[in-house]
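Visitor:
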Amino acid sequence: MRRIAAGIGCCLVLVALPVGFGVQFNGSDAYPDATDIDENYAAHVGERVHLWGVVAGERDGSVVVSAGTLRLTVSDIPPSSVDSGDGIQVYGELRPNHRLETRSYHVQTPSDRRYMYGVSLVGIALAAVAFLRHWRVDLNRVWFTPREND
Amino acid sequence: MPDLLTHALVAYILAAVVAQSDRIQDRYVSVAMVGAVAPDAMKLSVLLNHSVGHIAGIPYSTWGVHTLGGVLVLAGLGALTIRVGDRFVAGAALAAGGASHLFLDAFVIRVDGVAPPYLFPFSGWLPPAANLYASTDVWPAAVALSVAVPVWLCRRRRGRRSE
Numbered sequence: 001m002r003r004i005a006a007g008i009g010c011c012l013v014l015v016a017l018p019v020g021f022g023v024q025f026n027g028s029d030a031y032p033d034a035t036d037i038d039e040n041y042a043a044h045v046g047e048r049v050h051l052w053g054v055v056a057g058e059r060d061g062s063v064v065v066s067a068g069t070l071r072l073t074v075s076d077i078p079p080s081s082v083d084s085g086d087g088i089q090v091y092g093e094l095r096p097n098h099r100l101e102t103r104s105y106h107v108q109t110p111s112d113r114r115y116m117y118g119v120s121l122v123g124i125a126l127a128a129v130a131f132l133r134h135w136r137v138d139l140n141r142v143w144f145t146p147r148e149n150d
Numbered sequence: 001m002p003d004l005l006t007h008a009l010v011a012y013i014l015a016a017v018v019a020q021s022d023r024i025q026d027r028y029v030s031v032a033m034v035g036a037v038a039p040d041a042m043k044l045s046v047l048l049n050h051s052v053g054h055i056a057g058i059p060y061s062t063w064g065v066h067t068l069g070g071v072l073v074l075a076g077l078g079a080l081t082i083r084v085g086d087r088f089v090a091g092a093a094l095a096a097g098g099a100s101h102l103f104l105d106a107f108v109i110r111v112d113g114v115a116p117p118y119l120f121p122f123s124g125w126l127p128p129a130a131n132l133y134a135s136t137d138v139w140p141a142a143v144a145l146s147v148a149v150p151v152w153l154c155r156r157r158r159g160r161r162s163e
């Protein structure tokens, strides 16, 4: 009974954490959210933003980055150095007409991300196999208990 | 984050060193590895594009789980799935694995030079990003593997000798 109460308590805190984090950090780490920017772009001009987006193409010799519904033409990134579909982390200052003056950026190609997801699945499998080599499920008590030789 | 293989291997190495002490049994090493991958459970919401939003006008961000508070709550929840006699040490191993996850994440490249508030809800401090590696870099896993394999071999040899 005490275990169930503790479990419910933990679940409640687990739900409270995203809400508390969202309230304190306004739904993003420290900067306006891409959706918020897009909804009222003029109000955010001049602000510094840190966006995680995708290279959406090229316009007038500049790279276009999309983050959610927001599309920005970014400076200082040579179009030849990126491909459409690349993931991009970009930091800079918002300018009129949906332009971003880039201060720094980092690009991840789709194959980079495939490697990350693939090797992460290996990591999850490794942790699960290691755990189940030492622990088994006790169906009567509904918990994990050490295996006999542990 | 670095990839989850790096997280699991680094937790394995650290827990294996701690388990050299006879007071900590080997079975807790694997618990620390589970703790090290647990904080990224919230990444499912990132993949589904629901990590940030509003419910009934209230803002939320599942990144709140990828914090010290999240690590402690997940460790508490995980510990409740372990039998009573092992619960305390297992909970500590889960929390330690989760803490190693956040520590490694502080070294990820952030182009604004600022890491997220990993100490939430205890502190809203935004630590400087160490900018050592990207989550897609191959070398962190290679380095972790090059240390973890000899550690595993040593532990295996020691286990055979004590049999």
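Going down the list, the sequences are from chains V and W. With my numbering, you'll find the first sequence wraps up at 150, consecutive numbering, no jumps. With my numbering, you'll find the second sequence wraps up at 163, consecutive numbering, no jumps. We put the beta carbon where it would ideally sit given N, CA and C, even for glycine. Predicted model only: the values in this text are computed from it and were never measured.
(1) So who's on the other strand from P128 of chain W, going by DSSP bridges?
(2) Closest to R133 of chain V by C-alpha separation, out of W:L48, W:A106, W:L72, W:D26, would be which residue?
(3) Spell out a yes or no on whether the segment 48-60 of chain W and the segment 113-124 of chain V are touching, meaning 3 or more CB-CB pairs, one atom from each, closer than 8 Å.
(4) Does any residue of chain V bring its CB to less than 7 Å from the CB of A32 of chain W?
(5) Answer with buried or exposed for G27 of chain V, where buried requires no fewer than 16 other C-beta atoms within 10 angstroms of its C-beta.
(6) With respect to the alpha helix (DSSP H) encompassing L9 of chain W, which residues constitute its N-terminal and C-terminal limits?
(7) Unbroken alpha helix (DSSP H) runs of length 4 or more, entirely within the segment 13-37 of chain V: which are they?
(8) Using a C-beta to C-beta distance shorter than 7 Å, which residues of chain W count as neighbours of T167 of chain V?
(9) Going along the chain, which residues of its own chain have a beta-carbon closer than 6 Å to the beta-carbon of I82 of chain W, five neighbours each way excluded?
(10) Can you look up S123 of chain W in the DSSP assignment and give me helix, strand or coil?
(11) For G64 of chain W, return the contacting residues in chain V, with the cut-off set at a CB-CB distance below 8 Å.
(12) Check V55 of chain V in the structure and name its three-state DSSP category.
(13) So which of W:P39, W:W63, W:A36, W:V37 has the shortest CA-CA distance to N49 of chain W?
Guide: If we stick to the structure as given:
(1) W:V114
(2) W:D26
(3) no
(4) no
(5) For G27 of chain V, the pLDDT reaches just 47, beneath the cut-off of 50, and the residue's location in the model is therefore unreliable, although a value from the coordinates is still provided. So G27 of chain V counts as buried.
(6) 4-18
(7) none
(8) Outside the modelled stretch of chain V, which goes from 1 to 150, sits residue 167 of chain V, for which no answer is possible.
(9) Cβ within range, chain order: A90.
(10) coil
(11) L17, P18, V19, G20, F21, G22
(12) strand
(13) W:W63
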